[in-house]
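See structure below.
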Amino acid sequence: MTGPAADTGAGTGEGAPAPIRIVVADDERMVRTALRAILSAEPDLAVIGEAVDGAEAVSVVRELAPDVVLMDVRMPGIDGIRATERILADAPGTGGTPRILVVTTFENDAYVYDALRAGAAGFLLKRAAAEDLVAAVRLVARSDSLLFPSALRSLAASYGGPAAGSPPPWAARLTEREADVLRLMATGLTNAEIAGRMAIGPATVKTHVASVLAKTGTRDRTQAVIAAYESGFVSPR
Numbered sequence: 031m032t033g034p035a036a037d038t039g040a041g042t043g044e045g046a047p048a049p050i051r052i053v054v055a056d057d058e059r060m061v062r063t064a065l066r067a068i069l070s071a072e073p074d075l076a077v078i079g080e081a082v083d084g085a086e087a088v089s090v091v092r093e094l095a096p097d098v099v100l101m102d103v104r105m106p107g108i109d110g111i112r113a114t115e116r117i118l119a120d121a122p123g124t125g126g127t128p129r130i131l132v133v134t135t136f137e138n139d140a141y142v143y144d145a146l147r148a149g150a151a152g153f154l155l156k157r158a159a160a161e162d163l164v165a166a167v168r169l170v171a172r173s174d175s176l177l178f179p180s181a182l183r184s185l186a187a188s189y190g191g192p193a194a195g196s197p198p199p200w201a202a203r204l205t206e207r208e209a210d211v212l213r214l215m216a217t218g219l220t221n222a223e224i225a226g227r228m229a230i231g232p233a234t235v236k237t238h239v240a241s242v243l244a245k246t247g248t249r250d251r252t253q254a255v256i257a258a259y260e261s262g263f264v265s266p267r
């Protein structure tokens, strides 16, 4: 186990918000080194630990309780999917759940879709630019989901597909407005964009999103969108 890292983020200054605490899990040393270098250059980000496989990722997260985990999905032994499941099963709940960002080589990958189904907040390609990586970490750290609508639709069409049979029980519990919000969430719109499209206030959209999550029994926007695709409520095609 690599344990805590010496670098806790420089330049935050007295009274500044605590840096976002990150664990990097990847079986390739060069990838871990590159990710650490990019993230540690930002004053509001701190890489506090590393893991070389899924089993170590679970252990390091239990020890260090990071805010964000960068998780490779294809690792020996326990892969990133099982590690994601175990980490989220360990989480104490609201306020103590680390956000998991899958870092992958191929976007159209069943592993990525399975990781999202397991509870990952989003995914990012390893070839992404440094500024995109930094922005993604900040995004998921504030409890947003990193959705790429076209890629998610492709993944759902290839590996999920609509469930056969009757509509899911939760569909009947959604109000018309909530149903519209879920459909717009599936297109990747933010709350502000949904508010503009529906001509309602952002606070109202936030309330609708919270209700959608509760009624669909999902953890976050990513899980809600996947549930919408897999149930046939929204067609990935």
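Using this note's numbering, you'd call the opening residue of the sequence shown number 31 and step up by one each time.
No residue lacks a Cβ here, since even glycine has one placed at the ideal position from N, Cα and C.
Going straight from the alpha carbon of residue i to that of residue j, what length do you get?
i: residue 90; j: residue 53; result: 8 Å
i: residue 237; j: residue 223; result: 15 Å
i: residue 205; j: residue 211; result: 10 Å
i: residue 61; j: residue 257; result: 32 Å
i: residue 245; j: residue 139; result: 29 Å
i: residue 48; j: residue 130; result: 19 Å
i: residue 154; j: residue 160; result: 11 Å
i: residue 63; j: residue 166; result: 18 Å
i: residue 115; j: residue 50; result: 22 Å
i: residue 73; j: residue 201; result: 44 Å
i: residue 59; j: residue 232; result: 43 Å
i: residue 146; j: residue 46; result: 33 Å
i: residue 92; j: residue 151; result: 19 Å
i: residue 71; j: residue 104; result: 26 Å
i: residue 136; j: residue 203; result: 37 Å
i: residue 100; j: residue 75; result: 13 Å
Verify whether the separation of the beta carbon atoms of residue i and residue j is less than 9 Å.
i: residue 241; j: residue 208; result: yes
i: residue 97; j: residue 128; result: yes
i: residue 230; j: residue 163; result: no
i: residue 156; j: residue 133; result: yes
i: residue 110; j: residue 95; result: no
i: residue 106; j: residue 144; result: no
i: residue 118; j: residue 149; result: yes
i: residue 228; j: residue 235; result: yes
DSSP puts residue i in a beta bridge; with which residues?
i: residue 51; result: 76
i: residue 81; result: 55
i: residue 134; result: 155
i: residue 144; result: DSSP, once it has assigned bridges, lists no residue as partnering residue 144.
i: residue 129; result: 98
Going along the chain, which residues of its own chain have a beta-carbon closer than 7 Å to the beta-carbon of residue i, five neighbours each way excluded?
i: residue 66; result: 54, 77
i: residue 254; result: 212, 215, 242, 243, 246, 248
i: residue 40; result: The predicted position of residue 40 is uncertain, since its pLDDT is 43 and thus under 50; a value taken from the coordinates is nonetheless stated next. Excluding residues within five positions, the ones whose Cβ falls inside 7 Å are 73.
i: residue 221; result: 232, 235, 236, 239
i: residue 112; result: 84
i: residue 219; result: 227
i: residue 108; result: 83, 84, 85
Does residue i pass the burial test, meaning 16 or more other C-beta atoms within 10 Å, or should it be called exposed?
i: residue 84; result: buried
i: residue 264; result: buried
i: residue 172; result: exposed
i: residue 226; result: exposed
i: residue 81; result: buried
Within the same chain, show all residues whose beta-carbon is closer than 6 Å to that of residue i, passing over the 5 residues directly before and after it, in chain order.
i: residue 198; result: 261
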